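**Student:** Just passing along the structure, written as structure tokens.
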Amino acid sequence: MKKLKIGMIGTGHIARTHLKAYEQIPNVEIVAACDIDPVALKETCDRFGISEEHRYSSVEAMLAAEKELEAADVCVWNINHAPCTIAALRAGLHVICEKPMAYNTAEAEEMKREAEKAGKLLMIGFVLRFSAENAMVKEFIDNGDIGEIYYTKATYLRRHGNPGGWFSNKNLSGGGPVIDLGVHVIDQTRYLMGSPKPVSVYAMTADKLGPRRELKKKSECRPITCGVTRTCDVEDFGVALIRYDNGATTLLETSYDLNCPDCGKKELYGTKAGVVLGDGPTKIYSDMNGYLVDIAPQLPNTEFIQMFVNELSHFVDCVLNGTPCIAVAEDGITVMKILDAIYESARTGHEVIIR
Ligand SMILES: NC(=O)c1ccc[n+]([C@@H]2O[C@H](COP(=O)([O-])OP(=O)(O)OC[C@H]3O[C@@H](n4cnc5c(N)ncnc54)[C@H](O)[C@@H]3O)[C@@H](O)[C@H]2O)c1
0 MKKLKIGMIG TGHIARTHLK AYEQIPNVEI VAACDIDPVA LKETCDRFGI
50 SEEHRYSSVE AMLAAEKELE AADVCVWNIN HAPCTIAALR AGLHVICEKP
100 MAYNTAEAEE MKREAEKAGK LLMIGFVLRF SAENAMVKEF IDNGDIGEIY
150 YTKATYLRRH GNPGGWFSNK NLSGGGPVID LGVHVIDQTR YLMGSPKPVS
200 VYAMTADKLG PRRELKKKSE CRPITCGVTR TCDVEDFGVA LIRYDNGATT
250 LLETSYDLNC PDCGKKELYG TKAGVVLGDG PTKIYSDMNG YLVDIAPQLP
300 NTEFIQMFVN ELSHFVDCVL NGTPCIAVAE DGITVMKILD AIYESARTGH
350 EVIIR
């Protein structure tokens with residue numbers, strides 16, 4: 000069996016989730032890994048059996064030494080998505096890059112140009128596209144059961160969930176929950192609507208609560224490592240109204256800290272039915288024979304890791320078998336345009352037009 004030879008760029012939290020998923024994908028070989036943090040590099044490589052001679056302290060060193068690599072998996076801080084992705088593309092590798100695609104739209108566009116120049120796949124890690132419930136809801140939508148979707152709500156609220164470390168350092172992350180969590184639900188709702196083009200955004204962000212370190216820890220916190228200072232200069236809440244060229248609207252609400260229940264709900268309202276997913280079992284709200292009906296489609300239980308297995312299997316399949324990719328650079332750029340517009344609208348207090 001042909002195995003895709005992959006190098007890991009970044010060996011932190013999400014890289015470990017990816018490595019766990021790769022263990023379930025037979026046509027993959029994890030050949031090498033790099034990280035600027037020696038502690039993360041050692042812990043992750045020890046745990047996943049990447050031998051010492053294939054561990055590197057920089058992406059450049061790994062790409063120079065590991066000539067057999069065919070693909071790279073970019074799992075680094077947002078500020079380093081573009082440089083690491085571009086280095087891997089220039090070395091002739093296919094790349095899957097974690098969300099958000101980049102620090103801003105300009106960098107995302109440069110990444111796409113480099114992928115085109117190299118003739119390599121650049122896939123973006125929009126993992127919610129690969130969940131079982133997302134696939135099921137897409138089937139209902141594609142089958143016409145929901146009708147024309149004209150309003151969606153994209154909610155990803157944490158009550159006390161600032162990950163700290165680089166996530167709350169704007170220079171490294173690009174922002175707080177909007178770019179970190181909002182990105183997931185903006186992409187998922189847009190994908191389920193059939194990828195309309197965004198035309199404008201009106202938004203507000205707040206940093207009223209901060210990371211609330213004085214509270215007893217509810218959430219996990221990233222360690223303060225390699226040059227990351229204990230800063231918190233990102234928003235802790237964001238709300239946005241996103242308008243699309245097909246007339247549809249999405250209301251985004253997202254937070255690291257807000258006095259609210261935790262919630263990761265997506266709502267899609269169409270002319271034939273509404274769907275609510277991501278907050279317990281999926282529900283469809285419609286009518287039948289003159290009665291309002293609530294439908295609860297049954298899905299087999301799947302573990303959290305399965306959507307990463309699905310996502311990374313898709314990447315491998317696209318590279319090895321030429322299967323068309325369903326999360327391409329253009330999708331990443333579109334979402335980056337929305338994210339940039341949210342921050343600009345919040346800063347200026349005005350609606351921002353997206354071109
Ligand atoms: N898909 C998801 O659900 C999901 C969940 C968490 C994080 N993420 C994304 O994954 C990325 C990483 O997040 P994380 O939670 O793993 O953070 P993390 O801090 O746990 O790990 C990031 C690692 O990247 C390393 N790094 C940074 N710059 C580097 C460079 N230039 N070269 C090599 N290594 C470098 C750091 O030293 C660190 O070990 C982020 O973009 C984040 O948005 C996605």
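Numbering that gives the first Met the number 0 puts the first residue of the sequence shown at 0, with every later residue one more than the last. Ideal placement from N, C-alpha and C gives every residue a C-beta, glycine not left out. A quick note: this is a predicted structure, and the numbers were derived from the prediction, not measured.
Between which two residues does the beta strand (DSSP E) harbouring Leu291 extend?
**Tutor:** Counted from its first residue, the sequence shown places residue 291 at position 292. Unbroken beta strand (DSSP E) run through Leu291: Tyr290 to Ile294.
**Student:** Take Ile294 and list the residues in its own chain whose beta-carbon comes closer than 6 Å to its own, dropping the five residues that flank it on each side.
**Tutor:** As a working mapping, residue 294 is identified with position 295 in the sequence shown. Around Ile294: Ile283.
**Student:** At the level of alpha carbons, what is the spacing between Glu106 and Ala81?
**Tutor:** Position 107 of the sequence shown holds residue 106. Position 82 of the sequence shown holds residue 81. For Glu106 and Ala81, the distance between alpha carbons rounds to 6 Å.
**Student:** Would you please state the rounded distance, in angstroms, between the beta carbons of Glu252 and Val275? I believe it to be under 8 Å.
**Tutor:** Here residue 252 refers to the residue found at position 253 when the sequence shown is read from its first residue. Here residue 275 refers to the residue found at position 276 when the sequence shown is read from its first residue. No, Glu252 and Val275 are not in contact; Cβ-Cβ is about 14 Å, not under 8 Å.
**Student:** Among the candidates Asp232, Lys271, Ile178 and Leu156, whose CA atom is the shortest distance from the CA of Leu338?
**Tutor:** As a first step, residue 338 must be located in the sequence shown, where it is residue number 339. Nearest C-alpha to Leu338: Ile178.
**Student:** Comparing C-alpha positions only, which one of Asn26, Cys44 and Val27 sits nearest to Asp34?
**Tutor:** The residue labelled residue 34 in the question sits at position 35 within the sequence shown. Of the listed residues, the one whose Cα sits closest to Asp34 is Cys44.
**Student:** On the DSSP letters alone, give me the boundaries of the alpha helix (DSSP H) that Val233 sits inside.
**Tutor:** The residue given as residue 233 occupies position 234 in the sequence shown. Looking at the DSSP string, Val233 is not in any alpha helix (DSSP H), and its letter there is neither H nor E.
**Student:** By Cβ distance below 8 Å, which residues in the same chain neighbour Pro210 in space, the five residues on each side in sequence not counted?
**Tutor:** The sequence position of residue 210 within the sequence shown is 211, counting from 1. Asn161, Gly163, Ser167, Cys231, Asp235, Tyr255 and Asp256.
**Student:** So for Glu42, helix, strand or coil by DSSP?
**Tutor:** Translated into positions along the sequence shown, residue 42 becomes position 43. In the structure shown, Glu42 sits in a helix (DSSP, three-state: H, G or I).
**Student:** Can you list, in chain order, the residues of its chain whose CB lies under 6 Å from that of Val58, leaving out five sequence neighbours each side?
**Tutor:** Translated into positions along the sequence shown, residue 58 becomes position 59. So the list reads Ile8, Cys33, Cys83 and Ala86, once near-sequence residues are dropped.
**Student:** To the nearest angstrom, how far is the alpha carbon of Glu343 from that of Lys1?
**Tutor:** For the purposes of this step, residue 343 is identified with residue 344 of the sequence shown, where counting begins at 1. For the purposes of this step, residue 1 is identified with residue 2 of the sequence shown, where counting begins at 1. In a straight line, the C-alpha of Glu343 is about 47 Å away from that of Lys1.
**Student:** Can you list, in chain order, the residues of its chain with a C-beta nearer than 7 Å to that of His183? Leave out the 5 residues immediately preceding and following it.
**Tutor:** As a working note, residue 183 is residue 184 in the sequence shown. Result list for His183: Lys98, Leu127 and Tyr155, in chain order.
**Student:** Identify, in the order they occur along the chain, each residue of the same chain with its Cβ nearer than 7 Å to the Cβ of Met335, setting aside the five sequence neighbours on each side.
**Tutor:** Counting from one through the sequence shown, the residue named residue 335 turns up at place 336. Same-chain partners within the cutoff: Pro99, Met100, Ala101, Asn103, Thr104 and Ala107.
**Student:** Is it buried or exposed for Arg354, if we count other Cβ within 10 angstroms and need 16 for buried?
**Tutor:** Numbered from its first residue, the sequence shown carries residue 354 at position 355. Classification of Arg354: exposed, given that the 10 Å Cβ count is below 16.
**Student:** Along the chain, where does the beta strand (DSSP E) that runs through Thr248 open and close?
**Tutor:** As a working mapping, residue 248 is identified with position 249 in the sequence shown. From DSSP, the beta strand (DSSP E) with Thr248 extends over Thr248 to Ser254.
**Student:** Quick one: is Thr10 buried, meaning 16 or more other Cβ sit within 10 Å of its Cβ, or exposed?
**Tutor:** In the sequence shown, residue 10 corresponds to position 11, counting from 1. It is buried - the Cβ of Thr10 has at least 16 other Cβ atoms within 10 Å.
**Student:** Mind checking which residues open and close the alpha helix (DSSP H) that includes Ile24?
**Tutor:** Residue mapping note: residue 24 aligns to position 25 of the sequence shown, counting from 1. Taken as a continuous stretch (DSSP letters only), Ile24 belongs to no alpha helix (DSSP H), as it is neither H nor E.
**Student:** Which of the three DSSP states, helix, strand or coil, is assigned to Arg89?
**Tutor:** One-based indexing of the sequence shown puts residue 89 at position 90. It is helical.
**Student:** Only counting the same chain, and skipping five residues up and downstream in sequence, which positions put a Cβ closer than 6 Å to that of Gly173?
**Tutor:** In the sequence shown, the residue the question calls residue 173 occupies position 174. Closer than 6 Å at the Cβ level, and outside the excluded window around Gly173, lie Asn77 and Tyr102.
**Student:** Check whether the Cβ atoms of Met122 and Cys324 sit closer than 8 Å, and answer yes or no.
**Tutor:** Position 123 of the sequence shown holds residue 122. Position 325 of the sequence shown holds residue 324. Result yes, Cβ atoms of Met122 and Cys324 sit closer than 8 Å.
**Student:** Taking C-alpha atoms, which residue in Val27, Gly246 and Arg158 lies nearest to Val198?
**Tutor:** For this step, residue 198 is matched to residue 199 along the sequence shown. Of the listed residues, the one whose Cα sits closest to Val198 is Gly246.
**Student:** On the DSSP bridge assignment, give the partners of Val351 in chain order.
**Tutor:** Walking along the sequence shown from the start, residue 351 turns up at place 352. Beta-bridge pairing links Val351 to Val200.
**Student:** How would you label Arg54, buried or exposed, when you count the other beta carbons within 10 angstroms and need 16 or more for buried?
**Tutor:** Here residue 54 refers to the residue found at position 55 of the sequence shown. Counting Cβ neighbours within 10 Å, Arg54 comes out buried, since at least 16 surround it.
**Student:** Go to Leu267, then tell me how far its beta strand (DSSP E) extends in each direction, as first and last residue.
**Tutor:** As a working note, residue 267 is residue 268 in the sequence shown. Lys265 to Gly269 is the extent of the beta strand (DSSP E) around Leu267.
**Student:** Let me check understanding here. Comparing Cα to Cα, which of Ala205, Ile304, Ile352 and Asp144 lies closest to Asp244?
**Tutor:** Your numbering for residue 244 matches position 245 in the sequence shown. Nearest C-alpha to Asp244: Ile352.
**Student:** What is the DSSP secondary structure of Asp339, counted as helix, strand or coil?
**Tutor:** Position 340 of the sequence shown, counting from 1, holds the residue named residue 339. In this structure, Asp339 counts as helix in the three-state DSSP scheme.
**Student:** Looking at the secondary structure, which residues open and close the beta strand (DSSP E) in which Met287 lies?
**Tutor:** Stepping through the sequence shown from its first residue, residue 287 is reached at position 288. Segment Lys282 to Met287, the beta strand (DSSP E) holding Met287.
**Student:** Does the distance from the C-beta atom of Val30 to that of Glu65 stay below 8 Å?
**Tutor:** Locating residue 30 in the sequence shown gives position 31, counting from the first residue. Locating residue 65 in the sequence shown gives position 66, counting from the first residue. Yes, they are a contact pair.
**Student:** If I follow the unbroken beta strand (DSSP E) through Thr154, where does it start and stop?
**Tutor:** Translated into positions along the sequence shown, residue 154 becomes position 155. Its beta strand (DSSP E) spans residues Ile148 to Leu156.
**Student:** How would you label Tyr290, buried or exposed, when you count the other beta carbons within 10 angstroms and need 16 or more for buried?
**Tutor:** Residue mapping note: residue 290 aligns to position 291 of the sequence shown, counting from 1. With fewer than 16 Cβ atoms within 10 Å of its Cβ, Tyr290 is classed as exposed.
**Student:** Starting from Met7, follow its DSSP beta bridges and name the residues at the other end.
**Tutor:** Position 8 of the sequence shown holds residue 7. DSSP, once it has assigned bridges, lists Ala32 and Asp72 as partnering Met7.
**Student:** Going by alpha carbons, who is nearest to Ser312 out of Thr16, Arg15, Asn26 and Gln297?
**Tutor:** Working through the sequence shown from its first residue, we reach residue 312 at position 313. Cα-wise, what sits closest to Ser312 is Asn26.
**Student:** Going by DSSP, what residues sit across from Ile95 in a beta bridge?
**Tutor:** Within the sequence shown, numbered from 1, the residue matching residue 95 stands at position 96. According to DSSP, which records beta bridges pairwise, Ile95 is partnered with Asp72 and Met122.
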